[in-house]
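Chains as they are written, first to last, in this note's numbering: chain A, 4 to 111; chain B, 10 to 123.
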Amino acid sequence: AQRVTQPEKLLSVFKGAPVELKCNYSYSGSPELFWYVQYSRQRLQLLLRHISRESIKGFTADLNKGETSFHLKKPFAQEEDSAMYYCALSGGYQKVTFGTGTKLQVIP
Amino acid sequence: GAGVSQSPRYKVAKRGQDVALRCDPISGHVSLFWYQQALGQGPEFLTYFQNEAQLDKSGLPSDRFFAERPEGSVSTLKIQRTQQEDSAVYLCASSQLAVYNEQFFGPGTRLTVL
Numbered sequence: 004a005q006r007v008t009q010p011e012k013l014l015s016v017f018k019g020a021p022v023e024l025k026c027n028y029s030y031s032g033s034p035e036l037f038w039y040v041q042y043s044r045q046r047l048q049l050l051l052r053h054i055s056r057e058s059i060k061g062f063t064a065d066l067n068k069g070e071t072s073f074h075l076k077k078p079f080a081q082e083e084d085s086a087m088y089y090c091a092l093s094g095g096y097q098k099v100t101f102g103t104g105t106k107l108q109v110i111p
Numbered sequence: 010g011a012g013v014s015q016s017p018r019y020k021v022a023k024r025g026q027d028v029a030l031r032c033d034p035i036s037g038h039v040s041l042f043w044y045q046q047a048l049g050q051g052p053e054f055l056t057y058f059q060n061e062a063q064l065d066k067s068g069l070p071s072d073r074f075f076a077e078r079p080e081g082s083v084s085t086l087k088i089q090r091t092q093q094e095d096s097a098v099y100l101c102a103s104s105q106l107a108v109y110n111e112q113f114f115g116p117g118t119r120l121t122v123l
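The structure is reproduced here in structure tokens:
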């Protein structure tokens, strides 16, 4: 069975502070990991995925297979980063399992 | 261009009523997904179509839930004899290819069962 755990429901940081949103997963094979974001009054959208190894809006995420983690990081938080963030896992075809989400609140 | 659209955006049903939720995917997208998102939870997979074929319906919570995509485009999620626990936001997503590709989500339909 595949499972995604996001231990924090809410993360509050000050503008300019570093951000780390935690994600751990459980999967027996080689998963594809993603971060999705939902800004206020907008629809869910893909932020980044580990196979792309890219930085989007200053966010990066590294897949650590030893620790089964895929934490999302940004060195300096901006107010526009305030949103709901979901870590997600795909086990090889298109079925995606989402975590429960972390609400990021950036305090001005 | 037009994204994924869903209708209605809000639906209130009395317990025991049948409801039908519609999804219009992005034109040409092969794959279509339905998710259920309860309050305070992440989206949970319900079912997946590749064109008109329903390849995975393992997430449908009971036989009251039925989904179809008869012409490989528009999809309908039907819930029979609704129960209060069916109250949730129902999300539809589509992607371009049959192998994993970015999923584009609709705005969702918020279903409230009284």
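Glycine included, every Cβ here is placed at the ideal spot set by N, Cα and C.
Predicted model only: the values in this text are computed from it and were never measured.
By alpha-carbon distance to Q5 (chain A), the top candidate from A:S31, A:K18 and A:E11 is A:S31. Interface residue (Cβ-Cβ distance to chain B less than 8 Å): K98 (chain A) is classified as such. With the rule of 3 Cβ pairs closer than 8 Å, the region 41-57 of chain A does not count as touching the region 15-24 of chain A. At least 8 Å separates the CB of R56 (chain A) from every CB of chain B. Rounded to the nearest angstrom, the gap between the Cα atoms of T100 (chain A) and P52 (chain B) is 8 Å. Under DSSP, A64 (chain A) takes part in a beta bridge, and its partners are A:L75.
Look at S14 (chain B) here: in three-state DSSP terms it is strand. T118 (chain B) counts as buried, since at least 16 other C-beta atoms from the protein chains shown sit within 10 angstroms of its C-beta. Across the structure, V40 (chain A) and G12 (chain B) are spaced so that their CA atoms are roughly 17 Å apart. In the DSSP assignment, E23 (chain A) falls within the unbroken beta strand (DSSP E) covering V22 to L24. Between K12 (chain A) and K77 (chain A), the CB-CB gap reaches or exceeds 8 Å. Taking the beta carbon of E111 (chain B) as reference, the chain A residues within 7 Å of it are L49, listed in sequence order. Chain-order list of chain B residues neighbouring G102 (chain A): G51, by C-beta distance under 9 Å. When the alpha-carbon of G37 (chain B) is set against those of B:R90, B:E80, B:S71 and B:Q92, the nearest one is in B:E80. For the region 59-90 of chain B, the residues whose beta carbon sits under 7 Å from a beta carbon of chain A are, in order, D65. Per DSSP, reduced to three states, the secondary structure at I54 (chain A) is helical. In the DSSP annotation of this structure, the continuous segment of the beta strand (DSSP E) that includes K87 (chain B) starts and ends at S84 to I88. Of the candidates B:Y99, B:F42 and B:A97, the residue whose Cα lies closest to the Cα of N60 (chain B) is B:F42.
Using a CB distance below 7 Å, the part of the region 81-94 of chain A facing chain B consists of Y89 and S93, ordered along the chain.
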